[in-house]
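**Student:** Using full-length UniProt numbering, you'd call the opening residue of the sequence shown number 1 and step up by one each time.
Just so you know, even glycine gets a beta-carbon here, dropped at the ideal spot from N, CA and C.
Would you mind keeping the following structure in view while I ask a few things?
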Amino acid sequence: MSESSRDAVLARIRQGLAAGPAPLPPRPDFTTPVHPPLNNLDPVVAFAESFQRVGGEFYYCESLPHLAAQVAGFQQRQQVGVPYVWEPEMQALLYKAGVAFRADETEFIEKADLGLTSCEALVARTGSVLVSAATASGRRLSIYPDQHLVLARPSQVVAEIGDALQLMQRRYGAQLPSMVSLTTGPSRTADIEKTLVLGAHGPRRIALFLLEEEAE
């Protein structure tokens with residue numbers, strides 16, 4: 001490096017040091033939402049749109065007879081039998097609606113084509129269903145059967161995943177369930193040769209029946 005080039009470099013360094021340290025980047029506002037507002041102001045409609053976008057099947061049920069008709073239609077289209085249902089409150093509701101179910105675990109491994117469970121919350125942003133091991137369905141009924149049915153209410157819809165997790169904290173406090181899972185669409189993978197396969201790690205189909213609050 002020639003003397004003139006060296007002097008020029010040193011001059012720029014001295015000039016930079018004289019100007020003081022570079023200004024710090026603006027501090028982010030951690031109170032602002034990460035995501036933009038939902039596309040639909042009605043969180044239930046937003047959930048239905050997101051749920052179907054990720055591959056779920058959504059069925060609105062305005063009454064218990066309507067629920068029975070929707071479940072029967074699903075069973076006929078998919079050519080499946082009655083679902084396994086292990087939650088007492090769910091069993092009572094289905095009995096009142098006239099929906100047949102299997103309450104025990106007889107031949108569960110061999111014949112678990114269909115399982116029906118409740119859920120902890122529904123996330124409108126992602127179309128996810130939050131399930132946990134806290135119910136009588138345990139860990140198995142939402143994962144092992146080939147097809148997973150969920151029965152939920154509009155009041156269970158929240159906007160964001162964070163809202164669902166806060167709900168779990170309020171509900172269970174320090175005694176969180178041993179398993180909490182966000183189910184977003186049917187189980188799928190494309191790990192092998194980028195070929196999409198459904199049902200690789202869980203149910204290959206998920207359907208949600210949203211029953212109106214006053215339907216009892």
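Is the separation between the beta-carbon of Gly127 and that of Phe51 shorter than 7 Å?
**Tutor:** Taking the first residue of the sequence shown as position 1, residue 127 is located at position 127. Taking the first residue of the sequence shown as position 1, residue 51 is located at position 51. Yes.
**Student:** Tell me, please, which residues DSSP counts as bridged to Ser128.
**Tutor:** Taking the sequence shown and counting its residues from 1, the one referred to as residue 128 is at position 128. Bridge partners of Ser128: Val123.
**Student:** Among the residues of its own chain, which have a CB less than 7 Å from the CB of Gly55, if the five just before and after it don't count?
**Tutor:** As a first step, residue 55 must be located in the sequence shown, where it is residue number 55. Cβ within range, chain order: Gly185 and Pro186.
**Student:** If you draw a straight line from the alpha carbon of Arg102 to that of Val85, how long is it in whole angstroms?
**Tutor:** For the purposes of this step, residue 102 is identified with residue 102 of the sequence shown, where counting begins at 1. For the purposes of this step, residue 85 is identified with residue 85 of the sequence shown, where counting begins at 1. Their Cα atoms are separated by approximately 6 Å.
**Student:** In the DSSP assignment, the alpha helix (DSSP H) including Gln52 goes from what residue to what residue?
**Tutor:** In the sequence shown, the residue the question calls residue 52 occupies position 52. Element bounds for Gln52: Pro43 to Arg53.
**Student:** Roughly how many whole angstroms lie between the Cα atoms of Ser142 and Glu62?
**Tutor:** In the sequence shown, counting from the first residue as 1, residue 142 sits at position 142. In the sequence shown, counting from the first residue as 1, residue 62 sits at position 62. When rounded, the distance between both Cα atoms is 24 Å.
**Student:** Could you compute how far the alpha carbon of Met1 sits from the alpha carbon of Ala8?
**Tutor:** Locating residue 1 in the sequence shown gives position 1, where the first residue counts as 1. Locating residue 8 in the sequence shown gives position 8, where the first residue counts as 1. With a pLDDT of only 49 at Met1, under the threshold of 50, the placement of this residue in the model should not be trusted; the figure read from the coordinates follows. Roughly 11 Å separates the two Cα atoms.
**Student:** Ignore the nearest five residues each way along the sequence and tell me which others in Ile161's own chain have a CB closer than 6 Å to its CB.
**Tutor:** Position 161 of the sequence shown holds residue 161. Cβ neighbours of Ile161 beyond the five flanking positions: Val123.
**Student:** Of the residues Cys119, Val158, Ala92 and Ala100, which one's Cα is nearest the Cα of Ser181?
**Tutor:** Residue 181 sits at position 181 when you count from the first residue of the sequence shown. Among Cys119, Val158, Ala92 and Ala100, the Cα nearest to that of Ser181 belongs to Cys119.
**Student:** Residue 218 to Thr31, Cα distance in whole Å?
**Tutor:** Beyond the ends of the chain as shown, which are 1 and 216, falls residue 218; an answer cannot be given.
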